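Structure first, then comments.
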Amino acid sequence: MKKHTLLLVGAAALMVAGTAGFMNLRPVGYRDGVYSGSASGAFGETKVTLTIADGRIAKCDMEALDDDGNVKDAHYGEGSSEANFRMAQTALQGIGEYPKKLIESQNVDGIDAVSGATVSLLDFRNAVKQALEEARR
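What the sequence shown shows, in the UniProt record's numbering, is residues 1 to 137, in sequence order.
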């Protein structure tokens with residue numbers, strides 16, 4: 001009886017150990033290619049271009065535009081108060097992290113907001129989801 005119990009416990013441990021590696025796999029299933037999406041929000045428009053390779057997000061290019069359609073850059077927020085300019089630049093730095101985080105996580109809903117760029121994350125998510133919808137078709 002003792003051997004039988006040990007054998008069952010050992011077999012269960014092997015099953016758990018053998019399947020543990022599969023727990024971290026992300027869903028795959030996008031068609032390889034290049035797909036684009038965009039989303040408009042409170043502070044302009046976010047455009048993304050995703051490159052899918054082997055069913056996974058391999059590359060993410062993002063372009064953030066202000067309300068006038070200009071690319072957000074080192075001048076984004078100029079012409080307003082110093083505090084607003086600093087906030088705009090902080091947001092601009094934060095949104096630059098989102099493409100890298102997307103590639104690492106392979107899950108746009110799993111990306112945490114960067115302080116100062118929360119609204120931009122919502123726009124980024126919507127643009128990515130639009131591109132991924134195309135990749136699923």
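For glycine and all other residues, C-beta sits at the position ideal for the given N, C-alpha and C. Computed from a predicted model, the values in this text were never measured in an experiment.
Counting only residues of its own chain and dropping the five nearest sequence neighbours on each side, Gly44 has a CB closer than 6 angstroms to the CB of Leu65, Asp66 and Asp67.
Leu122 and Ser115 have their alpha carbons spaced roughly 13 angstroms apart. Less than 9 angstroms divides the Cβ of Val128 from the Cβ of Gly37.
Every alpha helix (DSSP H) of 4 residues or more that sits fully in the stretch 88-129 is shown, in chain order, as 98-105. Burial is judged here by how many other beta carbons sit within 10 angstroms of a residue's own beta carbon; Lys100 has fewer than 16 and is exposed. Looking only at Ala117, Asn107, Ile111 and Asn126, the smallest Cα-Cα distance to Tyr30 is reached by Asn107.
The alpha-carbon of Leu50 is positioned some 13 angstroms away from that of Asn126. Using a Cβ distance threshold of 9 angstroms, Ala83 and Ala117 do not count as a contacting pair. In this structure, DSSP gives Glu78 a state outside helix and strand, which the three-state scheme calls coil. For the options Gly41, Arg56, Thr46 and Gln93, the alpha carbon positioned closest to that of Val34 is the one of Arg56. Taking C-alpha positions only, Ile52 is separated from Phe124 by approximately 17 angstroms. C-alpha of Ala39 to C-alpha of Thr46: approximately 5 angstroms in a straight line. Note on geometry: alpha-carbon atoms of Gln130 and Ala113 lie some 19 angstroms from one another.
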